[in-house]
Each structure stands twice: as C-alpha cells, then as structure tokens.
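2 protein chains.
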Amino acid sequence: MTLDEILPDLRRQAADVRHAETGVWAAAVLRERISAGQLAPGAKLSEEALSEVLGVSRNTLREAFATLAAEHIVTRIPNRGVFVTLPTADGVREIYRARRILEPAALLWGSDLDTGDLHAAVGRAGAARAAGDVAAMASANQDFHAGVVALAQSARLNQQMAHVLAEMRLVFHSMAVDPGFHAPYIDVNARMLELFEAGERAEAAALMVNYLAEAEHQVLTAQRAARGESAQARRNRVGDYLK
Amino acid sequence: MTLDEILPDLRRQAADVRHAETGVWAAAVLRERISAGQLAPGAKLSEEALSEVLGVSRNTLREAFATLAAEHIVTRIPNRGVFVTLPTADGVREIYRARRILEPAALLWGSDLDTGDLHAAVGRAGAARAAGDVAAMASANQDFHAGVVALAQSARLNQQMAHVLAEMRLVFHSMAVDPGFHAPYIDVNARMLELFEAGERAEAAALMVNYLAEAEHQVLTAQRAARGESAQARRNRVGDYLK
DNA sequence: TTTCGGTAGATTGTTGAACAATTTGGCAAC
DNA sequence: GTTGCCAAATTGTTCAACAATCTACCGAAA
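In order, the protein sequences belong to chains A and B.
So the first sequence is numbered by our numbering: it starts at 1 and just counts up by one.
So the second sequence is numbered by our numbering: it starts at 1001 and just counts up by one.
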C-alpha cells in the first residue's frame, strides 16, 4: 500500500487536534498506520506530504519523527529523510537476542499473581486458529508474549517489549507470512503457561528459550526467501516517494 | 548548581554546529550536563534560556527535549515545561524491577566469550576504593553492571541499561551519598565475575538478585532520609528558573 | 486577616515562511 | 560508459508571530 492511497484516510483523521500534544498525536497516528501495515517498511515519509495531510506543521511533524525514531519504528537518514524501518536479518537477530533475555527471565523471576491476561491471550489464539484468522492469531500470540514480560511488572520493560513487538510486525509486513506460521506456537504458549502456573518456572523458561530459537530460525528463513523475490517490488514502492 | 552558573560553559560549547544533527547534538550536550549533575534533578529547562545559550532555535531544542523525554532523563509537563527528572521512590523501585530481570538473565544466558570489560571495571573499582575516590567508585560500579548486561549482546538492552544507569545517576544526584556507599559492592561484583567465569552461572545470577535487592533497599532508605531535609533546598533551586 | 476571583505577564505549543545545506538526477563532455 | 557539473527537490534550521495555558499578583468580599 502506498502513501497516496491512505492520504484521504489520514486527512479524515486530522480533524481534532488540541493545544499541547499535537506532536504526540501525530506520532500516534503514524505508529498506528505503520503497525497496521498501511505504511510499508522501506516507505519514505515525506515531510511536506505528511505535514500537509495531517494538518500539522513540518516542525511538529519532526517532533513526531524523533519519537518514532527512538522506538526504531522509523529510520532517519540525515539529509535524505525518514523511512519506515526495513528490518534486516541482523535486526531480526538483535530482536531475538533481546527476547531471549526478557521473556525467559520474566518467567523465572516474575510475579505469578495475575495470569489472567495470559489465559485470555491463549484463549483468543485458539479461537483465531479455529476461525482460520491469521491476523488474529498473530495478534493473540503477540499479546501472550507481551503478557509474559508483563509478569516482571516493569513499565520500562513492558515498553521495551512493545517496541520489540512493533518491530516484529514490521518484519512480518516486509515478507509474505505462511498462513500456518503461528499455529504451532499456540500449543507451546499454552504449555508454557501450564508449566508456569504449576511452579515449574525453570522448565517454562527453558521451553521459552527453545521457542524463541525456533521462531528466530523460521523468521530468518522466511525473510531470506522473501528478500529475493520482493526486492524489485520494494524498489518500486520506495520509488513512489522518491520520485 | 543552578542554570545561571553553567551558562557561560554551555555558551563556549556551542561554537561548532553543523547542518544535519543539531537536535542530536543539543540532546547530547544536555544529557552530558545532566549526567554530570550540573543540571540537578527538578531543575526547569527553560526553552528560551537554553535555546539562546546553546545557539539553537526553540524548535530544534524541542526536538532534543523529545529525545531526552523518551529516555526518561527529562520530564515534560504540558504547558508547564521540561524538568530534569526528579526520581521518586516508585521510580527507584521501577528501576530495580527492570535490573532484577536484565542483569541476572544476562549472567544466566549471556555470552562468556569476552569478560575483558568486566575485569577492567572490577580493577578500576578497586583502584578507586584504594584512592578514596567516591565518584570513580560509582562510575566503575556502573561500568561493571553495564558490562554484565552487555553479555547479552543486544544493542537495545545495552541502550536500555544505559538509560537505567543514567536515571540511577539522577537518583544519586538527588540525595547525599554516603562515601562508603559503593565500597562493599566492589567485592560482590568481583565474586560474581568469579562465579560466572567458573561456569557457576546460576550462583552468579542468584548473587546478583541478592545484590540488587540489597542495593534497592539501601537506595530507598538513603532517598527517604534525603527527601525531608532537602525539600526546601530543592524548592529554592527550582524557583530560580520559574522566576 | 484570610480567602476568593480575576487580570496581567510570562512561558509553552504550534504554525508558516524563509533560507542554508545536501542529495538526486539529468546532461554534456570526454 | 564514465566523469563532472548544474538545476531541482528535499531536508535542516532559524525566526517571528500568535494561540493557549499557567503563575503570580492584587484587590474585593467575608
């Protein structure tokens, strides 16, 4: 999907902006659009076009860009512009290095007082699989892993995990995802939750480590496969904005 | 130390700014000054005064503020201004919740290929203690713990830890630190490194968990003690900028 | 005296225009 | 097919202005 196609949409959303927080608002709008895949990885975010469409000044838009860049959602190349981050293989490995620390550690040392969100996520994932809804399956899976990190009860780790998952969505958007990709992991998640609640934390953590290693491998493989065939398409898409 | 006192200093530093990156540069200058304690927690960062002194426009300065706010170094209150973050007890607890995940996990699952930085930090800490240099002791201790997280080999976790340690410096700047505060931890660090290199990772991680629990308790106690006696002084200091 | 509004001044939030610096792409010359 | 240079487009940054909001001050009422 190109920038031009969602311009009307964005224009509609740019009706009510109040004093004090326009920059935050603009960042939220862009974050949301990127997360939904409407602004694809590699796309250039033109200052002039976006500021016009969002109805904010270039200065305010730049404040939003600074926020998104800090979240790695967007990449700034000096004097060239701002682009939706296009995940690389190294980027994927970096993501999983972080996840292999955060998630097992949360299982080992986190609080076991409230696992409601985890149960809910497992439930949603199962329902999504039954309904054959791939997007809902992916979303529920992300919720589960965010919930695991939430066991650590640290706002900044939750935020970090949110950023990591946002970048994972970019990874998925930058390649074709096999419809059966997420399905096998649903049972693994359920099993992890079971172990965790039974007090078998070390086992749960070990399962998480295995899960993440396996997932990383699959993602890297899929990404490698996608890279070749979509390189030309991506060039075209980016070309739209550079022109 | 008040803003007025370091204005000349900043003005000197604001000589060479180039195209493309002024905002980043301004953020770096402020980050450095805050880290060094020259801009104390609670101090208001006036847009007009700072932009004038740094020789950047208010717009560019605001871009820097957005970056620092994302790092929690600075707190933005809408329509009131930007302040150097004044750590609260809850803030301290939040920091230690994150550290109790990151640091033990890095010891458990991190790479053991390069412990050079850790040995160096332990060495520096010992030398600093021998020399009675409290600041160097604190700095070396921070280097050690940053080095532990670095074992995870994740750029974003390293960055997260850097932010956490920056906020810890704010905590120390917001209270009087007992000269003997850091000394006992030097041996604990050395012992942790010893265990880690002997392959006793679980033991090293357990020691880390204890260390962090103990440190959190001490910091909270010291903070509580400092809060009452310095409340008036802080009010005065902040008052300088509100005038 | 204390409290309650209300107003004036100061500061932040945001915009739009302007110019400087850099990149890009085309075009000529070799 | 390179190489070098120029023109157009885009980003980087500043400046001045105005809107919105907060703070502090001050007089009126209790």
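Here a beta-carbon is modelled for each residue, glycine too, at the ideal position from N, C-alpha and C.
Quick caveat, the model's predicted, so the values are computed rather than measured.
- B:L1151 carries a coil assignment under DSSP once its states are collapsed to helix, strand and coil.
- As the crow flies, the alpha-carbon of B:G1123 is around 27 Å from that of B:R1033.
- For B:W1109, the nearest CB of chain A lies under 9 Å from its own CB, placing it at the interface with that chain.
- Proximity to A:D112 across A:G147, A:S174, A:S46 peaks at A:G147, based on C-alpha coordinates.
- Under the Cβ criterion (8 Å, minimum of three pairs), the region 186-202 of chain A does not count as touching the region 61-77 of chain A.
- Counting the other Cβ atoms within 10 Å of the Cβ of B:R1100 gives 16 or more, which makes it buried.
- Collapsing the DSSP output to three states places B:I1034 in a helix.
- Counting of Cβ neighbours within 10 angstroms places A:H145 among the buried residues, the total reaching 16 or more.
- When CB distances to chain B are screened at a threshold of 7 Å, the residues of the region 54-73 of chain A falling below it are N59, R62, E63, A66, T67, A70, in chain order.
- Taking a beta-carbon distance threshold of 9 Å, A:I101 counts as an interface residue toward chain B.
- In this model, B:M1208 and B:L1193 are separated by some 10 Å (Cα to Cα).
- DSSP places A:G91 in the helix class (H, G or I) of the three-state scheme.
- In terms of beta-carbon proximity, B:S1154 lines the interface with chain A, with at least one pair separated by less than 9 Å.
- The Cβ of B:Q1142 sits no closer than 9 Å to any Cβ of chain A.
- For B:M1175, same chain residues with a beta-carbon under 8 Å away, outside a window of 5 residues either side, are A1222, Q1223, A1225, A1226, R1227, S1230 in chain order.
- Under the DSSP assignment, B:F1065 falls in the alpha helix (DSSP H) whose first and last residues are 1058-1070.
- When C-alpha distances from B:L1151 are compared across B:A1140, B:A1105, B:E1048, the shortest belongs to B:A1105.
- In this structure the region 1210-1220 of chain B lies against the region 1086-1096 of chain B, because at least three pairs of beta carbons, one per stretch, are closer than 8 Å.
- Not a single C-beta of chain B is nearer than 9 Å to the C-beta of A:V92.
- At a cut-off of 9 Å between beta-carbon atoms, A:E21 makes contact with chain B.
- Around A:Q160, the beta-carbon contacts reaching into chain B at under 9 Å are A1098, R1156, L1157, Q1160.
- Residue contact with chain B for A:N79: present (Cβ-Cβ distance below 9 Å to some residue of chain B).
- The beta carbon of B:A1020 is closer than 6 Å to none in its chain, skipping five residues each way along the sequence.
- With a threshold of 16 other beta carbon atoms within 10 Å, A:A125 meets it and is buried.
- The distance from the Cβ of B:A1026 to that of B:L1045 is about 11 Å, inconsistent with a contact at the 8 Å cut-off.
- Less than 9 Å divides the Cβ of B:H1072 from the Cβ of A:R156.
- Beta-bridge partners of A:G81 (DSSP): A:I77.
- Of all residues in the region 1168-1180 of chain B, none has a C-beta nearer than 7 Å to a C-beta of chain A.
- Burial of B:P1087 is indicated by the presence of at least 16 other C-beta atoms within 10 angstroms of its C-beta.
- A:A127 is positioned such that its CB atom lies no closer than 9 Å to that of A:V134.
- By the Cβ neighbour-count rule, A:N79 is exposed, with fewer than 16 other Cβ atoms within 10 Å of its own.
- Taking a Cβ-Cβ threshold of 7 Å, none of the residues of chain B is close to A:A89; the smallest such distance is about 15 Å.
- When rounded, the separation of the alpha-carbon atoms in B:D1187 and B:A1120 is 14 Å.
- Annotation for A:A131: the continuous alpha helix (DSSP H) segment containing it runs 116-131.
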